[in-house]
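Engineer: In this note's numbering, the protein residues as written are -17 to 357. C-beta: ideal position from N, C-alpha, C; glycine also.
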């Protein structure tokens, strides 16, 4: 029974399929008389393809070779400045500067008279500064040494200085310009100093004197300005006189030697003189014109214990006029007043002071044209 039902259903499906093919309309030939119209059968969707032609290249550069595309640099101009690749910004700011200043005077049959002379000064400056948010670290090293040769006289020293300073500063937030600071400084000279023309007895030597300052306090460092004002109410100052002859004479404020009536030394003079006082330092640098740079540095110190109110002054003012990258003119002054340095003191053979000396202002002026090299 099931087989008969399946056979009848199969015959019915075949008959229905044959009648369905007969109902499909035959395709019509297109009417060539109607150009602007198009008939679309509802049972069929035609695909329309639109093609556009590419425009020809109207301008071809002279250096372009389409058949042989090779890059050529024959028409490329060289860079005027050295190309600098991108580098990760550093929080360190450094400065390396070497300089040589010289001056010369020559006379030939000069009726007014005069001596031929030539002077030279070698200087070096190295700066390493670190700044990031709350912390600043400033390190400076200055070296100067100059000689003067004059006709009829022996070689003389015109300048001699070695100075190193370091300051660490910390602030509580990035808005304030006031920092807690701690500083250290050391300065001395390289070779012997004389009171010319006397060359038998040096009045100063290496580490005689030598100064070391260690202080703590506060600093005012505004953003974007090369200004630093430091107040250090807790400052230790050490004066070193490592030449025993100068130490026995009590030079630069150290305790001099004890002698008997015949001038024999009973106790050697001390080599170190310690002080505790208040220190104020200020440094400022400004570009007053496009080729003129002004640098100012002053240091004021007063001792709490022995000579409170007597202020030691160390002030430098320098003006640099830049001619070009390597040639520079320098005009500078240096003023020093130290309460512990006495001039024109006269002593007898037994060491007693017959004529007390005086405290004087020391002044130095510098004018020179020289070569500088920054790296």
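(1) How many angstroms separate the CA atom of residue 224 from the CA atom of residue 237?
(2) Between residue 98 and residue 133, is the Cβ-Cβ spacing less than 8 Å?
(3) Residue 287 and residue 258 - do their beta-carbons sit closer together than 8 Å?
(4) Starting from residue 304, trace the beta strand (DSSP E) both ways and give me its first and last residue.
(5) Report back the beta-carbon spacing between residue 354 and residue 79 to the nearest angstrom; my notes put them in contact at under 8 Å.
(6) For a test of the three-state rule: what should DSSP assign to residue 216, helix, strand or coil?
(7) Roughly how many whole angstroms lie between the Cα atoms of residue 114 and residue 135?
(8) Just verifying my parser: in three-state terms, what is the DSSP assignment at residue 246?
(9) Who are the near neighbours of residue 185 in its chain, counting only those whose CB is closer than 6 Å to its CB and skipping five residues on each side?
(10) Report the option in 105, 156 and 140 whose CA atom is closest to the CA atom of residue 123.
(11) Starting from residue 230 and walking both ways along the beta strand (DSSP E), at which residues does that stretch end?
(12) Along the chain, which unbroken stretches of the beta strand (DSSP E) at least 3 residues long are found entirely within the segment 90 to 118?
(13) Using three-state DSSP, classify residue 128 as helix, strand or coil.
(14) Judging by CA-CA distance, which residue of 265, 112 and 66 is the nearest neighbour of residue 74?
(15) If you draw a straight line from the alpha carbon of residue 340 to that of residue 324, how long is it in whole angstroms?
(16) Exposed or buried, residue 308, counting other C-beta atoms within 10 Å across all chains shown (16 or more means buried)?
Structural biologist: According to the data block:
(1) 13 Å
(2) yes
(3) yes
(4) 293 to 304
(5) 6 Å
(6) strand
(7) 54 Å
(8) coil
(9) 175 and 177
(10) 105
(11) Careful: residue 230 lies outside any beta strand (DSSP E), inside the alpha helix (DSSP H) at 226 to 230.
(12) 99 to 114
(13) strand
(14) 112
(15) 5 Å
(16) exposed
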